[in-house]
Amino acid sequence: MNWNMIGHEWAVQLLKQHVILGTQRQAYLITGPESVGRRTLALRFAQAVNCPQPIEPGEPCLDCPTCGQIERMVHPDLTVVEADRVGGQLKVDQIRGLQHGLSLAPYVAKYRIAILLRFEEANRQAANALLKTLEEPPPQVILMLTAGSADQLLPTIVSRCEVIRLRPISSGVIKEGLQTNWQVPPAEADLLTHLSSGRPGYTFQLYQNPANLSLRRTWLDELFNLLSANRVERFEYAETMAKDAKTLPEKLQVWLAFWRDVMLRSSNSSSQITNIDYQEIIDQLANNLGQKKAHNLVVVVEQIFDHLDHNVNPRLALEVFMLDLPKSEVSSST
Ligand SMILES: [Zn+2]
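So this is what it looks like as structure tokens:
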């Protein structure tokens, strides 16, 4: 009875108590890393508040039309506001549109719920506009904000919300959740758990889309090919890669996790690596490169991310990466 969520029991209990006692706040801020479960928690809370036939007080049925519409984010009393894309900008017009909707009484449910995702992406005007709503929230309205951390928002916004800080979940809990909630076989659950670094949302994405798993393999194979490629071939690859804005961040994320693993193994750390299915190659590279070079590659990939975050063309940073990439033949036996 954890709102069908993996982990975050304390947060579910806290919110459930608010629903049972009718002491729900007018605004919450759920923080934590991407895919840790911030949006799912907000949606479950919306279901707990509005489900007309809860299994028990505070426990939504997750089965009725209301619960279903909230889950799919199409319920008439639920509004989800976010930037046009991850890393984009949430604009003041979106807040004004939301405010108009919130000024009306709920259509069918008890509460109107607004979920504002990744609110750190709101620009100054949008944040100030929302502040007005937080200062004088209309009755029967609950605002749920999500963000990476509270420090990224205006203190005046944070102080008007009850802050719920979600942390990555232990791999044991995720693995158990995969096996009990979705009947994933143990070996697959093991791999998915390692790849998700404590973020059940990401685990679920991988599980739902096996194509993502095979994409990851393709991208790692491309990285291994680059290791034996010459400079011209590497630069050609960098040029094409820089133009592919859609897959670039995901591919970099896969590469970053890989080089972090190499760095971990080169420093003889006892921490678990992420890519457990590539352990041999990782050990091989860790031995060849040593800690300093492995660490440098992690830093260079993070710099490419920095460029992307600041809307700088990543091609130069990618070329630096290509130059720093060691010349090595890896035997991809996996
Ligand atoms: Zn329901």
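Just so you know, we're using the working numbering here: the sequence shown kicks off at 542 and counts up by one. All C-beta atoms, glycine included, are put in the ideal place defined by N, C-alpha and C. Remember, predicted model here, so these are calculated numbers, not experimental data.
Out of curiosity, what's the CA-to-CA distance linking residue i and residue j?
i	j	result
residue 863	residue 824	21 Å
residue 614	residue 858	38 Å
residue 612	residue 688	20 Å
residue 652	residue 571	19 Å
residue 851	residue 662	13 Å
residue 596	residue 557	13 Å
residue 566	residue 763	49 Å
residue 792	residue 681	43 Å
residue 749	residue 788	18 Å
residue 554	residue 573	18 Å
residue 720	residue 761	27 Å
residue 765	residue 758	10 Å
residue 801	residue 739	16 Å
residue 699	residue 713	32 Å
From this set, the options, which residue's C-alpha is nearest residue i's C-alpha?
i	options	result
residue 809	799, 832, 793	832
residue 609	665, 542, 589	589
residue 497	709, 705, 733, 616	Here the chain covers residues 542 to 875 and nothing more, so residue 497 does not appear.
residue 677	665, 701, 654, 855	701
residue 686	828, 592, 827, 620	620
residue 683	644, 751, 730, 739	644
residue 695	579, 654, 660	660
residue 584	656, 707, 726, 669	656
For residue i, is the classification buried or exposed, using 16 other Cβ atoms within 10 angstroms of its Cβ as the cut-off for buried?
i	result
residue 618	buried
residue 551	exposed
residue 728	exposed
residue 781	exposed
residue 741	buried
residue 627	exposed
residue 564	exposed
residue 828	exposed
residue 576	buried
residue 542	exposed
residue 591	buried
Is residue i near ligand 1, judged by its Cβ being under 6 Å from some heavy atom?
i	result
residue 702	no
residue 607	yes
residue 647	no
residue 598	no
residue 496	The structure shown has nothing for residue 496, since the chain only spans 542 to 875.
residue 601	yes
Cβ contact (3+ pairs, closer than 8 Å) linking the region 761 to 775 and the region 804 to 815: no
Counting Cβ pairs closer than 8 Å, one from the region 633 to 640 and one from the region 659 to 676, do we hit at least three? yes
Give a yes or no on contact between the region 833 to 850 and the region 786 to 796, applying the rule of three or more CB pairs nearer than 8 Å. yes
Counting Cβ pairs closer than 8 Å, one from the region 735 to 751 and one from the region 595 to 605, do we hit at least three? no
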